[in-house]
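Right, one structure below, let's go through it.
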Amino acid sequence: MRNIKKLSGLALVMALAVTSSCQQNAKKNTSETADTSKKSKYLSQPLISEIYTADPSAHVFNGKIYIYPSHDIDAGVPENDNGDHFAMNDYHILSMDSINGKVTDHGVGLSIKDIPWAGRQLWAPDAAFKDGTYYLYFPVKDKQDVFRIGVATAKDPAGPFKAEPKPIEGSFSIDPAVFTDTDGSSYMYFGGIWGGQLQRWNNGKYDANGSKTDSQKENEPALTAKIAKLNKDMLTFDGAVKDVVILDQNGKPLLTKDHDRRFFEGAWMHKYNGKYYFTYSTGDTHFLASAIGDSPFGPFKYQGTFMNPVQGWTTHHSIVEVKGKWYIFYHDTQLSNKTHLRNIKVTALTHNPDGTIALIEPMKK
Ligand code: FUB
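If you want the numbering used here, it's the 1-based position in the sequence shown plus 28.
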């Protein structure tokens with residue numbers, strides 16, 4: 029994560045001046061910034077303002093919408109390119125009976141202190157359900173400061189979740205997104221570059237000195253998201269981790285220099301009309317992009333941007349069907365105007381007749 033390109037001068041100064049070591053109250057902040065936030069500028073409004081939330085993974089379980097977001101706090105950690113200021117410690121699970129309904133905060137569903145192997149930074153989670161058990165997948169740095177992906181289980185979608193004693197073997201980097209296909213098979217998509225450490229992994233080996241940015245390899249195929257099939261236990265990978273290849277219109281993999289289109293972080297998968305839609309954030313260029321394939325493993329053909337930049341450094345999304353209509357959950361920084369104190373939102377998503385996703389403009393002109 030990095031906060032350079034889109035911040036206005038004022039916002040940059042504000043972000044760098046964060047000194048409080050206390051968690052801030054989002055409501056207080058809302059009133060402090062009420063004069064400048066101009067609700068009408070935004071396509072949609074924050075779903076919850078009592079706490080800061082980000083990276084919303086939404087699912088329909090038992091006819092209800094459950095949202096598994098990151099819980100942003102102001103931990104007083106100075107901002108840097110590795111995203112150390114995203115120093116989150118727990119997850120609150122939210123639910124809604126309908127898209128425009130009241131949001132219930134079910135409280136802490138999992139805390140970093142209850143993950144035996146965790147060091148710091150509980151980042152974007154996802155959830156899945158199988159055979160009476162709910163699974164919460166989460167990235168966190170281990171005690172050696174390496175991002176791994178863990179899993180926790182519960183009998184209730186709102187938790188509390190109990191973490192497995194170790195990370196998922198063979199997992200690394202961040203942003204797990206678990207997709208269950210119509211045949212019942214589940215797959216985890218994951219990975220993120222820069223602060224997400226994907227560039228430090230080569231053939232299953234970690235190199236802490238791996239290139240900090242991707243700038244040295246501009247003409248080579250871009251680093252890709254990863255996919256692993258999950259075993260029936262939903263706790264382990266079934267076989268090797270593979271690349272999620274995104275091809276351009278000429279059938280060639282997207283290149284590292286193609287910052288407007290290449291994968292950065294925040295993978296999601298949904299299936300529509302028999303096609304597999306791999307969607308993701310382009311990170312430093314701030315778009316959400318889609319690529320379509322015929323199998324969960326890809327390859328996926330790049331289709332275009334489907335969400336323009338939000339207020340904030342970038343967004344992180346999920347796409348879900350609720351009662352026959354499609355929605356995107358995402359975040360921006362409307363409540364705080366601070367990169368690391370985000371708020372989740374939802375808006376409608378439309379599939380065009382040609383199968384592409386209609387462009388969403390999150391800020392009104
Ligand atoms: O919330 C921490 C990180 O910020 C997530 O893991 C990324 O996807 C980005 O949203």
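The C-beta atom is built at its ideal place from N, Cα and C for all residues, glycine as well.
Using a C-beta cut-off of 8 Å, the segment 153 to 167 makes contact with the segment 175 to 187, since at least three inter-stretch Cβ pairs fall below that distance.
Judged by DSSP in its simplified three-state form, Q331 adopts strand.
Unbroken beta strand (DSSP E) stretches of 3 residues or longer found wholly inside the segment 285 to 366: 293 to 300, 303 to 309, 316 to 321, 328 to 335, 346 to 350 and 353 to 360, given in chain order.
For G178, DSSP records a beta bridge to F166. Looking at the backbone, the Cα of G340 and that of V273 are separated by about 28 Å. Cα atoms of Y80 and S123: separation of roughly 15 Å, rounded to the nearest angstrom.
In the three-state DSSP reduction, R148 falls in the strand class (E or B). With the rule of 3 Cβ pairs closer than 8 Å, the segment 280 to 297 counts as touching the segment 249 to 261.
Nearest in C-alpha terms to G311, of all of Q331, V338, A386 and A319, is V338.
For H134, the closest C-alpha among the options I76, A180, L369 and V168 is that of I76.
Checking the 7 Å criterion, the Cβ of A236 is out of range of every heavy atom belonging to the ligand FUB. The distance from the Cβ of K393 to that of S72 is about 16 Å, inconsistent with a contact at the 8 Å cut-off. For G321, the closest of K245, G383, A82 and I356 by C-alpha to C-alpha distance is G383. Under the Cβ criterion (8 Å, minimum of three pairs), the segment 345 to 353 does not count as touching the segment 269 to 283. Among the bridge pairs identified by DSSP, V131 is matched with M124.
The three-state reading of DSSP puts I140 in helix, counting H, G and I together.
For H99, the uninterrupted beta strand (DSSP E) segment begins and ends at K92 to D100. The count of Cβ pairs closer than 8 Å, one atom from the segment 163 to 181 and one from the segment 195 to 214, reaches three, so the stretches are in contact. Less than 8 Å separates the beta-carbon of L263 from that of V179. For P185, there is no enclosing beta strand (DSSP E), as DSSP marks it with neither H nor E. Assigned with DSSP and collapsed to three states, L275 falls in strand. The beta carbons of A86 and F357 sit closer together than 8 Å. Scanning the segment 190 to 238 for uninterrupted alpha helix (DSSP H) segments of 4 residues or longer gives nothing; none is fully contained.
The criterion of a C-beta distance shorter than 8 Å is satisfied by S98 and M116. K260 is not bridged by DSSP to any residue. Nearest neighbour of V131 by Cα position, chosen from G91, P74, D112 and D109, turns out to be P74.
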